[in-house]
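Enquirer:
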Amino acid sequence: MENVDGDESQPGREETGNLQNLLCGKKILVVDDNRVNRIVAAGALKKYGAHVECADSGKAAIAKLEPPHTFDACFMDIQMPEMDGFEATCNIRKLEEIAKESGKIWHVPILAMTADVIQATYDECVWCKMDGYVSQPIEEEQLYKAVSQVLSRT
Amino acid sequence: MEVLRLQQQLIELTNSLFQEGFLDDQFTQLQMLQDANNPDFIQEVVTLFAEDSERILAELTKTLETEPIDFKRIDAYVHQFKGSSSSIGAQRVKAVCVDFRAYAETENREGCCQALQQIKQEFFLIKSKLEALLQLEQQILAAGGSLPVME
Numbered sequence: 001m002e003n004v005d006g007d008e009s010q011p012g013r014e015e016t017g018n019l020q021n022l023l024c025g026k027k028i029l030v031v032d033d034n035r036v037n038r039i040v041a042a043g044a045l046k047k048y049g050a051h052v053e054c055a056d057s058g059k060a061a062i063a064k065l066e067p068p069h070t071f072d073a074c075f076m077d078i079q080m081p082e083m084d085g086f087e088a089t090c091n092i093r094k095l096e097e098i099a100k101e102s103g104k105i106w107h108v109p110i111l112a113m114t115a116d117v118i119q120a121t122y123d124e125c126v127w128c129k130m131d132g133y134v135s136q137p138i139e140e141e142q143l144y145k146a147v148s149q150v151l152s153r154t
Numbered sequence: 001m002e003v004l005r006l007q008q009q010l011i012e013l014t015n016s017l018f019q020e021g022f023l024d025d026q027f028t029q030l031q032m033l034q035d036a037n038n039p040d041f042i043q044e045v046v047t048l049f050a051e052d053s054e055r056i057l058a059e060l061t062k063t064l065e066t067e068p069i070d071f072k073r074i075d076a077y078v079h080q081f082k083g084s085s086s087s088i089g090a091q092r093v094k095a096v097c098v099d100f101r102a103y104a105e106t107e108n109r110e111g112c113c114q115a116l117q118q119i120k121q122e123f124f125l126i127k128s129k130l131e132a133l134l135q136l137e138q139q140i141l142a143a144g145g146s147l148p149v150m151e
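Listed in order, the protein sequences are those of chains F and Z.
Terminal number for the first sequence in the UniProt record's numbering: 154, no gaps in between.
Terminal number for the second sequence in the UniProt record's numbering: 151, no gaps in between.
#1: Within 9 angstroms of any Cβ in chain F, is that where the Cβ of L48/Z sits?
#2: Measure how close the beta-carbons of V40/F and F75/F come, nearest whole angstrom, since I'm counting them as under 8 angstroms.
#3: Residues of chain Z with a CB under 7 angstroms from the CB of N37/F: which are they?
#4: Taking beta-carbon pairs under 9 angstroms, can you tell me which members of the segment 2-31 of chain Z lie near chain F?
#5: Would you identify the three-state DSSP class for M32/Z, choosing helix, strand or coil?
#6: Would the segment 54-63 of chain F count as touching the segment 71-91 of chain F if we require 3 or more Cβ pairs under 8 angstroms?
#7: Would you say N18/F reaches chain Z, if we count a Cβ-Cβ gap shorter than 9 angstroms as a contact?
#8: Got a sec? Which residues, its chain only, sit under 6 angstroms from C24/F by beta carbon, not counting five neighbours each side?
#9: Near A42/F, which residues of its chain fall below 8 angstroms by C-beta distance, leaving aside the five closest residues on each side in sequence?
#10: How would you list, in chain order, the residues of chain F whose beta-carbon sits under 8 angstroms from the beta-carbon of A90/Z?
#11: Count the C-beta pairs between the segment 69-77 of chain Z and the segment 93-104 of chain Z that are closer than 8 angstroms, then say yes if the count reaches three, no if not.
#12: At a CB-CB cut-off below 8 angstroms, which residues of chain Z make contact with residue 168/F?
#13: Going by other Cβ atoms of all chains shown within 10 Å of its Cβ, with 16 needed for buried, is P68/Z buried or exposed?
#14: Just the C-alpha distance for L136/Z and Q91/Z, rounded to the nearest angstrom, thanks.
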């Protein structure tokens with residue numbers, strides 16, 4: 001998304017408050033191989049009171065999200081070397097299936113993070129059982145839309 | 001008086017960075033993330049950005065000098081650079097990254113070499129501007145002043 005225009009970005013006060021309600025105290029995993037992106041995404045989520053942990057690869061994310069764990073949600077970069085975000089998510093869903101056999105239902109909301117909207121079409125996210133996506137860098141209004149769909153139920 | 005003068009300088013520098021297109025709104029967003037809980041946030045982001053960019057520039061230079069040129073590898077590095085420049089709001093660097101990736105995709109060697117020179121120039125420019133900005137902020141704080149709130 002190259003045409004981020006700077007004018008409409010004054011965040012709505014309402015959204016800020018709602019994001020605070022949704023994210024405060026939540027434990028969130030941010031997965032990105034790029035450490036600048038990682039620290040910026042983590043900073044954006046911490047602003048609303050989330051407890052943020054980071055992982056720098058798909059593999060590291062799988063290790064952290066294998067049930068049982070205490071994460072409320074995960075923001076996953078799509079384009080990473082070795083294992084991309086789609087593949088990592090598919091693996092996490094498989095582990096959740098296995099955990100289900102022992103009686104407990106696990107489904108950590110995973111939101112894709114991507115610089116190009118085209119790259120992460122809705123279909124692809126659905127296919128990998130991702131729960132939504134936000135563009136990177138994270139923008140408040142979009143973050144609210146994505147997060148309110150997956151965290152309002154908790 | 002000293003503080004006032006420094007504050008004025010900081011405002012002018014910041015405004016010029018936006019007006020000349022070095023920075024976009026994302027940098028303003030980062031400034032909003034810096035607070036009492038996270039007082040050195042911008043400094044941290046700028047340091048990481050500079051370190052990673054210099055590493056990427058060295059890799060790109062090496063890759064473009066190695067025959068046959070591995071354009072996929074170039075694309076992967078530029079993708080990294082585009083991501084981090086976008087996260088910090090360095091929009092001129094980001095813009096060159098977009099062209100650079102297009103040249104890498106079409107395996108345009110000449111275009112890639114030109115883009116590399118251009119990206120080096122843009123990177124060192126924004127790096128020195130950001131360092132100047134952070135230094136001014138430090139000076140203001142050291143002189144007992146507070147940072148002006150930018151609109």
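Beta carbons are placed, not taken as given, at the ideal position from N, Cα and C, and that holds for glycine.
Every value quoted in this text rests on a predicted model; they were computed, and no experiment measured them.
Expert: A quick look at the data gives this:
#1: Within the second sequence, the letter at position 48 stands for residue 48/Z. Yes, L48/Z counts as interfacial toward chain F.
#2: On the first sequence, position 40 is the one that residue 40/F refers to. On the first sequence, position 75 is the one that residue 75/F refers to. 11 angstroms between Cβ atoms; not a contact.
#3: As a working mapping, residue 37/F is identified with position 37 in the first sequence. The contact set of N37/F on chain Z, defined by CB atoms closer than 7 angstroms, consists of G83, S84, S87 in chain order.
#4: Sequence-ordered contacts of the segment 2-31 of chain Z with chain F read F18, D24, D25, Q26, T28, Q29, L30 [C-beta pairs closer than 9 angstroms].
#5: Here residue 32/Z refers to the residue found at position 32 of the second sequence. Under the three-state reduction of DSSP, M32/Z is assigned to helix.
#6: A contact between stretches requires three or more CB pairs, one per stretch, nearer than 8 angstroms, and the segment 54-63 of chain F meets this requirement with the segment 71-91 of chain F.
#7: Position 18 of the first sequence, counted from the start, is the residue given in the question as residue 18/F. Contact of N18/F with chain Z is not assigned, every C-beta pair being separated by 9 angstroms or more.
#8: Walking along the first sequence from the start, residue 24/F turns up at place 24. Excluding five sequence positions before and after C24/F, the CB atoms of its chain that fall closer than 6 angstroms to its own CB belong to G49, given in chain order.
#9: Within the first sequence, the letter at position 42 stands for residue 42/F. Cβ neighbours of A42/F beyond the five flanking positions: V30, V52, C54.
#10: On the second sequence, residue 90/Z is found 90 positions in, with the first residue counted as 1. Within chain F, no C-beta atom comes less than 8 angstroms from the C-beta of A90/Z; the nearest is roughly 10 angstroms away.
#11: The segment 69-77 of chain Z, when compared against the segment 93-104 of chain Z, does touch it at the 8 angstroms Cβ threshold.
#12: Absent from the model: residue 168/F. The displayed extent of chain F is 1 to 154, so no value can be given.
#13: Counted from its first residue, the second sequence places residue 68/Z at position 68. Answer is exposed; the Cβ neighbour count stays below 16.
#14: By 1-based counting over the second sequence, the position of residue 136/Z is 136. By 1-based counting over the second sequence, the position of residue 91/Z is 91. So the alpha carbons of these two residues sit roughly 22 angstroms apart.
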